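Each residue of the sequence shown is one higher than the one before, counting from 78 in this note's numbering.
Report on one structure; see the data block that follows.
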Amino acid sequence: MPNHSALVASRAVADALADGRPVVALESTIITHGMPYPQNLQTALRVEAIVSAAGAVPATIAVVDGILRVGLEPADLERLAGTRDAMKLSRADLAFAVSAGRTGSTTVAATMIAADLAGIKVFATGGIGGVHRGAAESFDVSADLEELARTPVIVVSAGAKAILDLQKTLEALETKGVPVVGYGSADFPAFWSRSSGHAAPLRLDNAAAIAAFQRARERLGIVGGMLIGNPVPAEFEIPAAVIEAWINAALSDAAAAGILGKAVTPFLLQRIFELSAGRSLDTNVALVESNARLAAAIARALAAG
Ligand code: PSU
Ligand code: MN
């Protein structure tokens with residue numbers, strides 16, 4: 078049962094959910110911590126337009142002045158995109174922001190929690206967090222993985238970000254019982270590149286098949302989310318060898334600067350943006366747009382169900 082008292086849905090989102098029409102959740106950490114201004118705002122607005130054009134209602138999620146909002150207005154997006162001190166919220170601190178009246182963006186984990194509360198079953202992002210390189214020493218494993226294990230939302234991504242240890246990320250997902258599905262691909266994608274060099278454990282080629290898979294899990298009483306890996310469109314891909322050099326440089330900069338915890342992923346994305354002279358951002362925008370399109374198709378297939 079959706080827990081409406083915990084959140085405030087926009088009129089468009091509330092109406093769509095009440096009518097059983099397709100809705101796609103969108104995260105906001107990509108806006109506050111994933112992309113520079115003004116590209117973050119332009120992308121957020123464009124992704125919403127793509128979801129609408131594809132026949133679903135977009136629901137960007139964030140905590141604004143202590144209110145968990147599901148579905149933001151353009152003015153809210155503008156404010157969030159220009160804010161420098163927004164918190165980056167995950168399972169551990171989503172409720173903190175609510176109780177303390179703070180403003181914060183939601184990561185994949187926190188967006189899944191809010192989407193599930195609202196009754197939204199599909200969510201489009203860029204790339205999920207995962208097991209960081211060197212995790213055996215640092216213990217840095219994103220809370221996104223645990224959330225996928227417990228919260229029943231389909232997360233459409235371009236894989237996990239290549240700054241991570243993707244083999245260990247796949248192992249962790251397998252242990253937690255999270256299905257990882259390559260969309261139209263036998264390979265697990267690596268965010269900026271179409272293949273990570275690792276096989277996707279499962280493969281499906283259309284939205285209806287993904288919807289049917291999640292319905293079958295529900296019937297079997299298997300709780301939890303599903304990760305869809307949708308490779309970035311080929312014309313925007315950065316070859317693995319090219320991006321790897323920038324990733325390695327960014328990782329050594331992060332180590333030298335002593336970056337830890339929540340700051341790691343935003344720092345690396347920003348450094349790779351600088352090192353690539355903006356090319357990494359063009360790819361990031363293209364893959365988020367592509368994921369939004371696929372998520373809308375899955376939401377439509379679920380609603381038609
Ligand atoms: N995808 C992007 N850019 C981002 C993120 C994902 O294209 O900034 C964010 C997501 O919100 C994801 C978070 O949940 O990075 C992971 O952060 P961490 O590694 O600290 O868990
Ligand atoms: Mn982390």
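No residue lacks a Cβ here, since even glycine has one placed at the ideal position from N, Cα and C.
These numbers come from a predicted model, not from an experiment.
Starting from residue i, trace the alpha helix (DSSP H) in both directions and tell me its first and last residue.
i, result
"Leu-346", "341-352"
"Met-189", "185-195"
"Leu-379", "356-381"
"Leu-94", "88-96"
"Phe-173", "171-176"
"Leu-392", "A question about residue 392 goes unanswered here, because the residues of the chain that appear run from 78 up to 382."
"Phe-290", "284-296"
What does the Cβ neighbour count give for residue i, buried or exposed, with the cut at 16 atoms within 10 Å?
i, result
"Tyr-114", "exposed"
"Gly-206", "buried"
"Val-199", "buried"
"Ser-176", "exposed"
"Ser-167", "buried"
"Ala-139", "buried"
"Gly-259", "buried"
Per DSSP, what are the beta-bridge partners of residue i in this structure?
i, result
"Phe-200", "Ala-102 and Val-232"
"Leu-279", "Val-258"
"His-209", "Leu-241"
"Thr-120", "DSSP lists no partner for Thr-120."
"Ala-317", "Beta-bridge pairing links Ala-317 to no other residue."
"Ile-398", "In the structure displayed, the chain extends from 78 to 382; residue 398 sits before or after that span and is not available."
"Lys-165", "Ser-182"
"Ala-267", "Gly-236 and Ser-270"
Could you give the first and the last residue of the continuous beta strand (DSSP E) run that contains residue i?
i, result
"Val-147", "144-147"
"Pro-308", "Taken as a continuous stretch (DSSP letters only), Pro-308 belongs to no beta strand (DSSP E), as it is neither H nor E."
Report yes if the C-beta distance between residue i and residue j is below 8 Å; otherwise report no.
i, j, result
"Val-255", "Ile-305", "no"
"Leu-84", "Ala-191", "yes"
"Ala-186", "Val-147", "no"
"Val-309", "Pro-266", "yes"
"Gly-181", "Ile-107", "no"
Within the 8 Å Cβ cut-off, does residue i reach chain B?
i, result
"Ile-375", "No chain B appears in this structure, which consists of one protein chain only."
Check whether the region 129-147 and the region 98-111 are in contact - that is, three or more C-beta pairs closer than 8 Å. yes
Are at least three pairs of beta-carbons, each pair with one atom in the region 106-120 and one in the region 361-368, less than 8 Å apart? Yes, the region 106-120 touches the region 361-368.
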